[in-house]
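Chains as they are written, first to last, in my numbering: chain A, 202 to 454; chain B, 4 to 410.
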């Protein structure tokens, strides 16, 4: 069932369980999840609401810690880390892309992308800016560096968010419904970008409930009731760029 | 995250909400400005009172007849008491060790007449030493002499107000004979003008005569209404008072345990008495102003809470990209401090400006002291930290998972 692993493991989950206490009831969100994601994989995590998908994302993003089990991120055990240690780990190893972009209001694209590096004392102001500009060029926004977030379209805002996730050169990019707020055409543009990043060797985890996206990733993990139901490799990865070319062009974009 | 970055973020956050930030600052601005202005007015009045009292005399000691309390505990007016005599004056003059000048004091009210001009005033019977004690100078003519005192001569030295009222035509008063009630007196000197003191008393409304003249020819009395003296230095004033007390007690044959039948006050005492009222008033004004500063601080707290709630998503995002609790805490704390310090700076300028305006427009004495500005500034910084702390801590304690999805 588990696909053969040839690359260095970036994410290793061993029997992850997460329980919440709601009132007097114990809610088991994750009931023993184990998998390994190697470097350079593009993994889609699917599941309906209530499947434990969000809880898993929080744990993978080091925002939350499992009740039991072991989680190694790029070889580092996360479960026993303090809040501050996890904050530093997120800063160096993880790039987040959210459904609603989460850009800072009234702030330029460059400043938004610089944000993670602001919390890294090792990066000076000049290097910070250079890296932000490079990341923005990479996502195709080299001509919109000084645009503020309210002067951009949804697709552009999500590109800024992706640039922000790239800027710290993370071990893994975590995308949470990253195309959920976008129209079909823009969604595919973003998917094209993710596929390009994948081809460049980036490790990407894309959490979604949209089964269509799974066709464009290299592996799909499906959750149900806090357990893994399916974990399949995709041997026939579709090219999002081809699909995009077939889509009718939006007049208003 | 280093401090430069934190400051950049804070400035940006303040800039993003200019109107709100300004209104929040307004509380601090008004608070600081009013503290500075109130203290400036208070300190100014205090200084001018001190200065005026200092001008009254040099290290002056005032000896009055009677104890603070008369027999049976009833207070008596100084005029009714006859415990100070010329002998007391002479003994002090001859025996006291720490005095530079001594003068008896008797006075009587009455009408001064010259030609068809008259003026209601009072004459003071004093000795030559009085000029030293009260820091008076003879501008033209001369002070009456020891010989005049011995002879109870009908001579006087007058102040500028008397000159203006009796000699309006510009006649040189020296050598002229004026009348006090019915007694003719020759003017031998005119005093240099001192103007009004802080209590609105005309210090030039003064007529000096030999004390012998006033005692024998006007009042027909042998006791003194008071004795003025000047201590050699301000520091020696208490020693001089002790010395004079011993002399007078011996003179009056008071036994141990018996109360003094005289009272001695120094200029220092009067000065501190007068300024203590001012200090109270200053403190009161500063308290009222201080309350407005606290209200301003609560304004900051209120706005910071709103800001934290409003920016929950931003906080969640910052946390998810690696901000630690301390980073978020510092960010909001610095924002609060910047609002209060900027408000404080504007308040300092406004306060200094207002004080100047009061000085120019209302002609009030103003004294802006460095410590008041510093105090106002330090207090408003502390206000920023104090009232910024709770909202900042609330922000730092947010759960990033919930904050990032906050709607």
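Think of the CB as a built atom: it goes at the ideal place given N, C-alpha and C, for glycine as much as any other residue.
Everything numeric in this text was worked out from a predicted model, so none of it was measured.
At a cut-off of 8 Å between beta carbons, residue 389 of chain A makes no contact with chain B. For residue 92 of chain B, the CB contacts under 6 Å within the same chain, skipping 5 residues up- and downstream, are 107 and 230 in chain order. Nearest to residue 394 of chain A by C-alpha distance, out of A:246, A:442, A:238 and A:279, is A:442. Distance from the CA of residue 325 of chain B to the CA of residue 42 of chain B, rounded to the nearest whole angstrom, comes to 48 Å.
For residue 320 of chain A, the neighbours in chain B by C-beta distance under 9 Å run, in chain order, 4, 8, 321, 324, 325, 326, 327 and 330.
Note on geometry: alpha-carbon atoms of residue 184 of chain B and residue 44 of chain B lie some 44 Å from one another.
In the three-state DSSP reduction, residue 287 of chain A falls in the helix class (H, G or I). For residue 227 of chain A, DSSP records a beta bridge to A:222. Between residue 232 of chain B and residue 104 of chain B, the C-beta gap is smaller than 8 Å, which places the two residues in contact. Burial check for residue 306 of chain A: the Cβ neighbour count within 10 Å stays below 16, so the residue is exposed.
Straight-line spacing of the CA atoms in residue 171 of chain B and residue 120 of chain B works out to 8 Å. Counting along the chain, residue 433 of chain A sits inside the beta strand (DSSP E) bounded by residues 428-434.
The beta-carbon separation of residue 247 of chain B and residue 221 of chain B, rounded to 27 Å, does not stay under the 8 Å limit for a contact. Residue 314 of chain A sits away from residue 290 of chain A, with the two beta carbons spaced by 8 Å or more. Secondary structure of residue 172 of chain B (DSSP, three-state): coil.
DSSP assignment within the region 203-278 of chain B yields the following whole alpha helix (DSSP H) runs of 4 residues or more, N-terminal first: 240-254. The alpha helix (DSSP H) runs of length 4 or more contained entirely in the region 309-351 of chain A are, from start to end of the chain, 310-319 and 326-339. The bridge partners DSSP lists for residue 104 of chain B are B:233.
Boundaries of the alpha helix (DSSP H) around residue 394 of chain B: 373-399. Here residue 429 of chain A really is in contact with residue 234 of chain A; their C-beta atoms are around 6 Å apart, less than 8 Å.
Here the alpha carbon of residue 402 of chain B sits roughly 34 Å from the alpha carbon of residue 347 of chain B. In the three-state reduction of the DSSP assignment, residue 290 of chain B falls in the helix class. Interface criterion not met: the Cβ of residue 396 of chain B is under 8 Å from no Cβ in chain A. Taken through DSSP and simplified to helix, strand or coil, residue 251 of chain A comes out as coil. The count of Cβ pairs closer than 8 Å, one atom from the region 251-268 of chain B and one from the region 140-151 of chain B, stays below three, leaving the stretches out of contact.
Within 8 Å of the CB of residue 400 of chain B, no CB atom of chain A is found; the nearest one sits about 10 Å away. Counting other Cβ atoms within 10 Å of its Cβ, residue 187 of chain B stays below 16 and is therefore classed as exposed. Against chain A, the CB of residue 372 of chain B has no partner CB under 8 Å away; the residue lies outside that interface. Contact of residue 238 of chain B with chain A by beta-carbon distance below 7 Å is absent, the smallest such distance being about 60 Å. For the region 258-270 of chain A, the residues whose beta carbon sits under 8 Å from a beta carbon of chain B are, in order, 259, 262, 264 and 265. Our two residues, residue 258 of chain A and residue 227 of chain A, have alpha carbons roughly 20 Å apart in a direct line. Per DSSP, residue 298 of chain A lies in no alpha helix (DSSP H); the unbroken beta strand (DSSP E) holding it starts and ends at 295-298. Proximity of chain A to residue 404 of chain B at the Cβ level (cut-off 7 Å) is accounted for by 259, 264 and 265, in chain order. Residue 289 of chain A reaches chain B at 325 and 327, counting residues in chain order whose Cβ is nearer than 9 Å. Note: residue 114 of chain B is bridge-paired with B:123 in the DSSP secondary-structure output.
A distance below 7 Å between beta-carbons, with the five flanking residues on each side excluded, links residue 53 of chain B to the following residues of its chain, in chain order: 274 and 278.
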